[in-house]
Amino acid sequence: MKIQELNLRNYRNYDKASVRFEPGMNLILGNNAQGKTNLLESLVYLSLTRSFRINEDEKLIRDGCEYAMLECTADNQRLKIILHPKGKSLFLNKIPIRKSSEFIGKLNVVLFTPDDLGIFQDSPRERRKVINQEITKISSRYLTELNQYMNLLKDRNLLLKREKPDEVYLDTLDEKMIELSGTIIEQRKKFIAKINEVIDEEFRGLSGMQEKIEVRYESCVKENTKEDLAEMYRNSRRRDLETHVTGNGIHREDMTFLMNGENVIYCASQGQKRMIILAFKLALMRYIEEMTGQKAVVLLDDVFSELDAEKQKRLIQRIRNTEQCIITAAGIPSFLKSENTAIYLVNDGEIRRAGAEYE
Ligand SMILES: Nc1ncnc2c1ncn2[C@@H]1O[C@H](COP(=O)(O)OP(=O)(O)OP(=O)(O)O)[C@@H](O)[C@H]1O
Ligand SMILES: [Mg+2]
C-alpha cells in the first residue's frame, strides 16, 4: 500500500499543507515542535478515525479555526475526514460514510513511536485498544460486533444501577452478550496466535538475543465455549448486582508480554523492552499483510534516535522491503544517506520537499 498525497487544512499547527509522498523511503526532517508528529498523527487518523495521542478531537483543530480537514490518496482511493466541534464526517471517494467500520481498513499504517514503550505499564484498557484497533484493520465485522457488545454492556450497567433490576431482562442481555463474546474472543485468539507465530523470530533478528518472547492472551474464560461464558456470567451475577457494574467479560480482557515466560515488566531491560515492542510492531505488519494481502505503510516517529547504530541498521533492513515508509527525525540518520530517500522539511507548520542541498 502506498500513500500518494496528503492534504491538511487547519490540522494542529498546519494551516494548509499538501505533500506528495514517494514509494519507498520518505524522510521528514524538522526541529522540535515544528509539526513532524502532527503529520504522522494525521495519517494515523485517516487510518483509524482517531488520534493515537488524544481522545478529544477538538484539540486537533488548529487553534482559532472552526474545522479541520484531512485528506489523502492511497492506492487510488481518496479518504477524507472533516473534523468539526460536534463530531466528524467521513468520505470515501467523495461518498459520505456513516459507519466508521466501513472506513477503517481502507488505509493501513503501522506506527512506531517512542511512546509505544508505555504499552507494558499502561492499563489493560490501552492494550485492549491495541488489540481492537489491529483486528479492526482487517475485519470490519469485528468492530461492528464489538460496538454491539459495548452497547449491550451500557444497557446492562444501567440496569444494574436500578434499585431492583429485572433479572429476566438481565438474562436476555447476558444471552446476547455471550453470543457476541464468543466470536470476539475467537478473533482475539487468532490475532494473538498470529503474533506469536513470528514475534520471537522478529525479536531475535533485531536484537541478536536468544530470549523467548511471547504474548499471552488474558481471556475472561478458560475455554471459549458457550458453557464457559454462561458460567462466567452466572458466577458474576451476585457480585454485579452488589457493585452495580459488569465486573467480568471481554471488556476486561488483556494481553501480557512475556520474556522467557515471565512478565516483561519484571525482567526485561529498557533496551530489551524496546526490541520487544519493535518486534511486536513488525509482527503486526506481517499480520496485516497476511490477512489483507497488502503491506501496511510504515510510519516511524523519531524512533532511530533511541537505537544504537547496529539496531538502526537492522530495523531499516527489516522494513526496507515494505512499499512505503514515512520517517521523522531531527537530522538525517547516517544509514539513510545511502538509501534512495525523498526528503521533506517541516518548519512551523509548513512542509516542503527539500531541494538540491540534501542530495
Ligand atoms: N490545535 C492546535 N493548534 C495549533 N497548534 C497546535 C495544535 N495542536 C498542537 N499544536 C502545536 O504543534 C506543534 C508541533 O507539534 P509536533 O508534536 O508535531 O512536533 P514535532 O515536530 O513532532 O516535535 P518533536 O521533535 O519535539 O517531537 C506544537 O508546538 C504544538 O503546540
Ligand atoms: Mg514529535
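Numbering-wise, our numbering comes out as the position in the sequence shown, counting from 1, plus 39.
Glycine is no exception: its CB is placed at the ideal position from the N, C-alpha and C atoms.
Helix, strand or coil: which one does DSSP assign to residue i?
i      : result
Phe130 : strand
Leu150 : strand
Lys334 : coil
Ile234 : helix
Tyr84  : helix
Ile93  : coil
Glu389 : strand
Ala72  : coil
Met406 : Shown here, the chain extends from 40 to 398; a query on residue 406 therefore has no answer.
Lys312 : helix
Gln172 : helix
Glu262 : coil
Met40  : coil
Asp194 : helix
Ala307 : coil
Ile143 : coil
Glu301 : strand
To the nearest angstrom, report how far apart residue i and residue j are at their CA atoms.
i      : j      : result
Tyr256 : Met294 : 5 Å
Ile252 : Glu378 : 31 Å
Arg164 : Gln249 : 30 Å
Ile366 : Asn287 : 41 Å
Asn132 : Asn302 : 45 Å
Asn46  : Cys111 : 6 Å
Lys376 : Ala307 : 33 Å
Asn171 : Ser57  : 31 Å
Tyr305 : Asp239 : 19 Å
Tyr188 : Arg48  : 36 Å
Leu185 : Ile120 : 23 Å
Ile174 : His123 : 28 Å
Gly69  : Leu384 : 6 Å
Lys125 : Thr88  : 15 Å
Gly300 : Ile231 : 16 Å
Thr361 : Leu192 : 40 Å
Tyr106 : Val260 : 45 Å
Leu339 : Arg137 : 30 Å
Gln73  : Ala369 : 10 Å
Asn52  : Tyr208 : 50 Å
Glu206 : Ser275 : 13 Å
Ser139 : Asn190 : 16 Å
Ile390 : Asn71  : 14 Å
Asn386 : Val237 : 39 Å
Ser344 : Ile134 : 41 Å
Ile223 : Glu292 : 11 Å
Gly157 : Phe151 : 12 Å
Arg243 : Asn115 : 37 Å
Looking only at its chain, what residues have a beta carbon closer than 7 Å to the beta carbon of residue i, apart from the 5 residues adjacent to it on each side?
i      : result
Glu241 : Ala318, Leu321 and Ala322
Gln333 : Met40 and Asn147
Can you check DSSP and say which residues form a bridge with residue i?
i      : result
Met294 : Tyr256
Pro135 : Phe130
Lys55  : Arg48
Ile67  : Thr367 and Tyr383
Gln116 : Ala113
Leu346 : Bridge partners of Leu346: none, in fact.
Asp340 : Thr367
Answer yes or no: does any C-beta atom of chain C fall closer than 8 Å to that of residue i?
i     : result
Tyr50 : As a matter of chain content, chain C is missing from the structure shown, which is built from one protein chain.
Counting only the same chain and skipping the five closest in sequence on each side, list residues whose C-beta sits under 8 Å from that of residue i.
i      : result
Ile217 : Lys265, Leu268, Ala269 and Tyr272
Thr331 : Gly144, Asn147, Lys176 and Ile177
His283 : Asn196, Leu199 and Lys200
Ile234 : Val254, Phe319, Ala322, Leu323 and Tyr326
Among residues of its own chain, excluding the 5 on either side of residue i, which ones have a beta-carbon nearer than 6 Å to its beta-carbon?
i      : result
Phe91  : Val83
Ile355 : Phe374
Arg392 : Tyr383
For the 8 Å Cβ check, are there 3 or more pairs between the region 299-317 and the region 204-222?
no
Within 8 Å, do at least three Cβ pairs link the region 173-184 to the region 337-350?
no
Would you call the region 61-69 in contact with the region 98-106, where contact means no fewer than 3 C-beta pairs closer than 8 Å?
no
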